[in-house]
Each structure stands twice: as structure tokens, then as C-alpha cells.
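Going down the list, the sequences are from chains A and B.
Each residue of the first sequence is one higher than the last, beginning at 371 in my numbering.
Each residue of the second sequence is one higher than the last, beginning at -9 in my numbering.
Think of the CB as a built atom: it goes at the ideal place given N, C-alpha and C, for glycine as much as any other residue.
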Amino acid sequence: MNPGSRITVISLAGAAVGMLALSFAAEPLYSTFCRVTGFGGTTQIADAPPSAVIDRPIRVRFDANAATDIPVDFKPTEEFVDAKLGETILSFYEVTNISDAPIRAVAAYNVAPYKAGKYFNKVECFCFKEKTLQPGRTERLPVIFFVSPELADDRYASDVKSITLSYTYYPAGGIPDSARPQDASAGS
Amino acid sequence: MSSDSATAAHGGHHDDHSPSLYSLSRWLFSTNHKDIGTLYLVFALFAGLIGFAFSGLMRAELFETGFQVFEDGQQYNVITTMHGLIMIFFMVMPALIGGFGNWFVPLMIGAPDMAMPRMNNISFWLLPASFALLMLSMFVPAQATGDATGFGGGWVLYPPLSGTVGHGGVAMDLVIFSLHVAGISSILGAINFIVTILNMRAPGMTLHKMPLFAWSVLITAFLLVLALPVLAGALTMLLTDRNFGSKFFVPAGGGDPIMFQHLFWFFGHPEVYIMILPGFGIISQIVSTFSRKPVFGYLAMAYAMVAIGFIGFIVWAHHMYTVGMGVELKAYFVAATMVIAVPTGVKIFSWIATMWGGSIDFTVPMLWAIGFIFLFTVGGVTGVVLANAGVDYSLHDTYYVVAHFHYVLSLGAVFTLFAGWYYWYEKMFGVKYNGMIAGAHFWLTFIGSNVIFFPQHFLGLQGMPRRYVDYTPAFEYWHQWSTYGYYIVAVGTGIFLIGIIESMVRHRKAEANPWGEGATTLEWTLSSPPPFHQYNDLPRIR
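Laid out in C-alpha cells, this is it:
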């Protein structure tokens, strides 16, 4: 093979390997992108208190789900809360482990409509880390959040009058067989 | 296997030392670009007939409401999935790139062979292995428990349907392995083509004098090198999600199934151009040959393909308008997608302008080429319709989409494939085909495939979703037409096979250049079939 061909082969093989590497780099890039832009309703973690409370009402609805393979009873303590933009709210969810074994669980979350994700700031949330739920115990789970006043200035999002905060509980790293629901309906 | 005795028996009037046609080692260990091209074509024919038979099962099932052929939806979905994967990875790509590309790129650019002949052998022989894995997947468990077999999640392989939730059995793992192997095969082949075209052109054959078919394979090869590794990456993530506890696409672990769709279509959209660009090249050669004119706007034709290839990488999310992306993002993808109509329009215009005022010869390959231009334009128009995110919201995953991509692939890519087949048949196999039989093949396929797919536009607009085994009786009328169309194409396919046998039995001696003065590319300066090793003295292009 002549030297010109060798350079071509090496650079093409490099391009192929580079694209493979980029496809894996997509994973951190993708999650960074969602966190920064609130894409897909990804909520923000508040690093500063709200700048101001403005006189613009917002209703926040609470939604709770559990994956089919996790035996928990999971619900919000209130259906919704009426607040103002910039007002810090504390609300609770309740989760009960209805099996006979401890479960390690983690909650995935987002808000709807998606475009509100950028403005939905959580100060403290049970969803930040995984939990071990003891059998038969009911736990109260706090979430502290505010909806940032900048929402009112965003021409694409200022029409939002109500935001639904949603959580879905999943087993973290598998659950013991003894805790698995015996029929499909038990978990949901 | 000794090839010496076989050569002696067959030799005599051949002075090019080609080994016997019946020597196993000639094919297994082949490093000859023409033999490997033939292997690719035979493999594609074999896989294509299986894929075609699968679509027959689907059309028979959909002839009326209720269950006819299949026992349940899973079986039907396995067959649709396999039909798609076979036709894309084991029929169109091997035939257009591996088959015609291997055969004619070296001949057209005046090279003695491919740059890396032994890698060429590996590229081909990975494919039967990959195909075997895919076929095997249909007979192994779909789920961890239960009797269902095969992977029925569609050729797009979206999780969670392709994860442990949807298909926890070993079938999906075999599909992943199969596509990994097919992907490696294609990447190796693509590198080989680029190195050959960039470094082994005959003296005087500058890039801007290179025939458009060689251009199309060069661009296709670049798309393959850049797109396929992304599919490999996505499939590897899927594999580790399924088997080793990673959570790339699992929401419970902070993953997102939508990311698979982004990765898949970053590969998948260039992939559709990978399937059609070599066909564009073939059509350019044929239209020029039978109009006895050089291609109109040669440079524009070459760079239109470059533009299509480039834009192909930045429009992927138009396949996923319904995942919930923001309106501005959708606006971008709508606009970018519609821009593709510009270079594609340049190509359609230039083909017509090449024919304009030409001395047109309506030979069989020219019929296929004109049929292609007409039908591809229909598919292109419905593509512009679907590019609109608002319209796509109602047409997403309906038969309108099915009709659209079959017009550009089944009636587009496949027509270019048959056009190339009849254009180069004499050159490759050294015998003449029967014009009557080939003409019947064209007309039956042309009429039949339109009867199959045109009514599917109506079904889609009425709301018939794709990948459904059953439907409400309201859709029955056009489904029946569609199935009748399949029977017409099936007769045409039978005639196609008869045509091959007829030409081999009659053995009419081929001419070096049967097409006359319009055929100006280098392959027509050689005998038919070309000598086993060509261009001992490199041709000089003025």
C-alpha cells in the first residue's frame, strides 16, 4: 500500500472510532443539555433563593406514579397548591411499602408543560437521592420548590397558568424477589 | 480444493488465468473485486427473495380483517421487523454498494482492483454470518418467559420495546449482534471504497472527471463511515442496558429512551441516503448512455450528492416530531428537511435535461431509469408533505409514511438496482438477457408496485396505523388493492428469475459494448465479462 493510502486508511479508521466515541459522549451531553435548558420538562435545582415574589398566580398540581415492578403505594398529600411566582412552597408526598421486604427506590421526575422545566426550581427534594423503604412503613416525603418569576417574561412560556409536577418511583438496582408483586396489578 | 486442474479444464481460450467458476476456494478466499461483487449480488438476491416473501406474508395477512396467516400480533410484527432489516441491510446495501460498487468502481476509475482486496473479502463474508444471526433471532425466545419468539419491535429498535421490558429474551440480543457485524462489514467496505477512489484513479482521472456512479459511491462511503459507528454505539448501549445493568435508556436510572431515538436517527437518516445515492449514480450513467449525451450539469450533479449527504446529517429529528420537542426545534427540522428538496430537485432536473434533445433509446435499463425518476419524484413530494411537523402529527406512523418510504426505497432504490442489473448484466455475466422477458419484468413491477403502494397513501390519510396485524373493515377495500398489487409484482419477480435462467441456458454471447456510442465510461472498453485481472497497462484519461 502506498503512503497516501495508508494516511487515508488511518484517518478514516480514526473518523469511525471518533464517531463511536461521540455517540457515547452523547449521554453526558444529552443530560447536561436537559439540565441546562429544562428540555423535556427537566426541573432545576435552586442554587439561590427566588429573586422576588411577583403578583402572578400559578397553580402547581401534584402527580405520583409507580413502575409496575415496585410494590409501593405512592400519592401526593394534596392535589394542587395555588401560589405566586417566586413564592417558596413546601408540599408532601406519601409512600408506603406494601411488601414484606425493604425496597431501595428512586424517583424520576419532570414537569408538564415541558417549557416550564427551566423555571421550576427545587430547593429540597426527596427525589435527589435513593431511599430504602422499610416494609409496611409509610413515609412523608417533602419537596420544597418555587417557580421562578422569569416565567412571566418568557414570551413562549408566559401563557403557563398551571404546572404539573410528576414523580415516578422505580426500584433502584433491583428489588428482592420476596418483595416482588405476585400479580401484575399489585404494583401499580 | 485445487483450482489448478479446474483452470486447465476451463482454460484454453481464456488467457487471463481465471479460476474455475466451480472452485469453492475462488469464492471463499476471493480477493478479486469482480468476484466479490458477484458474491454480494448473489447474496442480495437471496436475502431479497426472503424479504420479499416476508412482505407477501404481510400482504396476505392484511388482505382482509381478522387473522389469516399469523396467530398473533407478535408473529406479524416479527415479520415486519425482519422485512425492514433484511431489505435495508441485506438487500439494498449489499446490492448497490457491495455489488455494483465493487464491480464497477475499480473499472470506472481505471484501477486494477480495490485498494485492500483481502479486507474486501472480510467485508463480504461477515454478511452471511450477520444474516444468519438475524434469521436465528426469529426462532429464539422473545421474552424471558413464554412461547413467543423473535423480535417484533420494528426495524427502528426503540427501547423500551427493545429493552428488557419489551423483549427480555435472547432474540433481541441476536438482532443487536447481527447489526453490529453488518455494521463492521459496511464500515470496512466503505473505508476500502474511499481509499480506492482517492488513491487509485488512473492517470488523468481527476475527481472532476470521475463518472457519477463512482462519485455516488464515494459520498455513500463517507456517510457510512460517519453514520454507522453511531448506530454501533447506540446498539452497544442497548446491549449493556439489557445485560449488564447500565441505564442509558432506562428512566429509573436517570436514562432516557428518547436519547436512543436521537442516536438511532442520527444514523438512520444518513442511512436512507446511503440506500439511494448509489442509485442516483447508476441512473446518471444510464440516462446519459441512452440519451447519447453527457450528463447535464455534471459538476452540479456531483455536488448535489455532496449536499444531500451533508444535509442528511442535520435533519434526523424529523423522524421524531411527536416526542414532544419544542416548537422552535421543530421549525428548524422542518426547514432543514425541506432544504434537501433543492439538491434533489437539481438531480431530477438534470436527468430530465440530459434526456431533453437527446437521441433516446428505450432499452430495458432506460425504462427502469425513467420509471425511477417518475416514482422517486412521487416519493419526494410526499416526503415534503411529511417534513411539516404539523402535518406529521396526524400522519406519524400511518400508512402514509409507509407509502412514502416505499416510493423512495421499494420503487426508488429497487428500481435503480434493477436498472443497474440490466445495464451491466452483459458486462458482468458475459451473456445477453432476453429483452422481452426483461421488459415484462419491468412493466409488471412498475404497475404492481404502484398498485401496492399508491392506495397506502389513502389508507394513511384515513388513519390506518402501521405495524398493525388487524384493522377495522373500513380499511379493507384499499388493503385488498394493495395485496393484488403484490401478486402482480410476485409474477414479475418470477419472470425476473426466469429471465436469469433463460439467459444462462441460451448463453447468447455478450458484446464488449452493446450500448453503442452513448456508453463512454471505462468499463465498456473491456471485454464482457472483463478479464479476471484488468488494466495491466493503466488507461490514460485525456
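Does any CB atom of chain A fall closer than 7 Å to the CB of residue i?
i: B:Met109; result: no
i: B:Met83; result: no
i: B:Gly535; result: Since the first and last residues shown for chain B are -9 and 532, residue 535 of chain B lies out of range.
i: B:Ala242; result: yes
i: B:Val336; result: no
i: B:Met200; result: no
i: B:Ala105; result: yes
i: B:Pro519; result: no
i: B:Leu528; result: no
i: B:Asn67; result: no
i: B:Pro219; result: yes
Looking at C-alpha atoms only, which residue of the options is the closest neighbour of residue i?
i: B:Gly56; options: B:Phe300, B:Glu466, B:Phe36, B:Ile298; result: B:Glu466
i: A:Lys501; options: A:Lys492, A:Pro512, A:Asn491; result: A:Pro512
i: A:Arg507; options: A:Asn467, A:Tyr484, A:Tyr463; result: A:Asn467
i: B:Ser400; options: B:Ala119, B:Asp25, B:Gly27, B:Met83; result: B:Met83
i: A:Glu448; options: A:Ile440, A:Thr438, A:Arg429; result: A:Arg429
i: B:Tyr148; options: B:Leu123, B:Ala224, B:Leu18; result: B:Ala224
i: B:Leu52; options: B:Tyr412, B:Leu116, B:Asn67, B:Ile78; result: B:Asn67
i: B:Gly438; options: B:Leu126, B:Tyr415, B:Ser175, B:Gly482; result: B:Gly482
i: B:Pro333; options: B:Lys237, B:Leu365, B:Ala292, B:Val459; result: B:Ala292
i: B:Val421; options: B:Tyr458, B:Asp387, B:Ile360, B:Ala502; result: B:Ala502
i: B:Val459; options: B:Ser20, B:Thr28, B:Thr70; result: B:Thr70
i: A:Phe427; options: A:Tyr540, A:Ala386, A:Ser528; result: Checking the sequence shown, residue 427 of chain A turns out to be Pro, not Phe. The residue with the shortest Cα to Cα distance from A:Pro427 is A:Ser528.
i: B:Tyr322; options: B:Ala379, B:Ser120, B:Val296, B:Phe339; result: B:Ala379
On the premise that residue j lies in contact with residue i, defined as a C-beta separation below 8 Å, what is that separation, rounded to the nearest angstrom?
i: A:Val517; j: A:Leu455; result: 5 Å
i: B:Ser168; j: B:Leu214; result: Not really, about 17 Å apart at Cβ, beyond 8 Å.
i: B:Met72; j: B:Ala34; result: Rounded, the Cβ-Cβ distance is 16 Å, inconsistent with contact.
i: B:His170; j: B:Asn110; result: At roughly 20 Å, the Cβ-Cβ gap does not stay under 8 Å, so B:His170 and B:Asn110 are not in contact.
i: B:Ile187; j: B:Leu208; result: 5 Å
i: B:His394; j: B:Gly369; result: 6 Å
Leaving aside the five residues before and after residue i along the sequence, list all residues of the same chain whose C-beta is less than 7 Å from its C-beta, in chain order.
i: B:Leu512; result: Leu97, Met98, Gly100, Pro529
i: B:Ser(-7); result: With a pLDDT of 43 at B:Ser(-7), under the threshold of 50, the modelled position of this residue cannot be trusted; read the value that follows with caution. The answer, listed in chain order, is Pro9, Ser10, Ser13, Ser15, Arg16.
i: B:Trp358; result: Phe405, Phe408, Ala409, Tyr412, Phe432
Is the CB of residue i under 7 Å away from at least one CB in chain B?
i: A:Ser555; result: Its pLDDT being 39, under 50, A:Ser555 is placed unreliably in this model, and the value from its coordinates should be taken loosely. No - not a single Cβ of chain B is within 7 Å of the one on A:Ser555.
i: A:Cys378; result: Sequence inspection shows Thr at residue 378 of chain A; the Cys mentioned does not correspond to that position. Output row for A:Thr378: interface = yes.
i: A:Gly489; result: Per the sequence shown, the amino acid found at residue 489 of chain A is Tyr instead of Gly. By this cut-off, A:Tyr489 is not an interface position.
i: A:Gly408; result: no
i: A:Phe496; result: no
i: A:Leu382; result: yes
i: A:Leu521; result: no
i: A:Gly374; result: yes
i: A:Leu503; result: no
i: A:Phe403; result: no
i: A:Tyr463; result: no
i: A:Tyr537; result: no
i: A:Ala482; result: no
i: A:Tyr540; result: yes
i: A:Ser393; result: yes
Please state whether DSSP places residue i in a helix, a strand or coil.
i: B:Phe114; result: helix
i: A:Tyr537; result: strand
i: A:Phe432; result: strand
i: B:Asp351; result: coil
i: A:Ser375; result: helix
i: B:Asp(-6); result: Because the pLDDT at B:Asp(-6) is just 44, under 50, the model does not fix this residue reliably, and the value given afterwards should be weighed accordingly. Three-state DSSP puts B:Asp(-6) in a helix.
i: A:Ser532; result: strand
i: A:Leu503; result: strand
i: A:Leu460; result: strand
i: B:Tyr412; result: helix
i: B:His3; result: Low local confidence applies: a pLDDT of 45 at B:His3 is under 50, so the model's placement there is unreliable, with the coordinate-based value given in what follows. Residue state, collapsed to three classes: coil.
i: A:Leu390; result: helix
i: B:Ala217; result: helix
i: B:Lys283; result: coil
i: B:Arg191; result: coil
Between which residues of its own chain and residue i is the CB-CB distance below 8 Å, once the five residues before and five after are set aside?
i: B:Ala(-4); result: With a pLDDT of 43 at B:Ala(-4), under the threshold of 50, the modelled position of that residue is not reliable, and the figure given next carries that caveat. The answer, listed in chain order, is Pro9, Ser10, Tyr12, Ser13.
i: B:Asn424; result: Gly489, Glu492, Ser493, Arg496
i: B:Thr462; result: Thr55
i: B:Phe254; result: Val146, Leu147, Tyr148, Leu221, Ala224
I'd like to confirm something about residue i: is its beta-carbon nearer than 6 Å to some heavy atom of the ligand FAD, or not?
i: B:Gly156; result: Within the structure as shown, the ligand FAD is missing, as the structure has no ligands at all.
Among the residues of its own chain, which have a CB less than 6 Å from the CB of residue i, if the five just before and after it don't count?
i: B:Gly271; result: Leu202, Phe203, Ser206
i: B:Ala343; result: Phe286
i: A:Leu503; result: Asn467, Ile473, Ala475
Can you find a CB in chain D that lies within less than 7 Å of the CB of residue i?
i: B:Val185; result: Of the chains in the structure shown, none is chain D; the protein chains are A and B.
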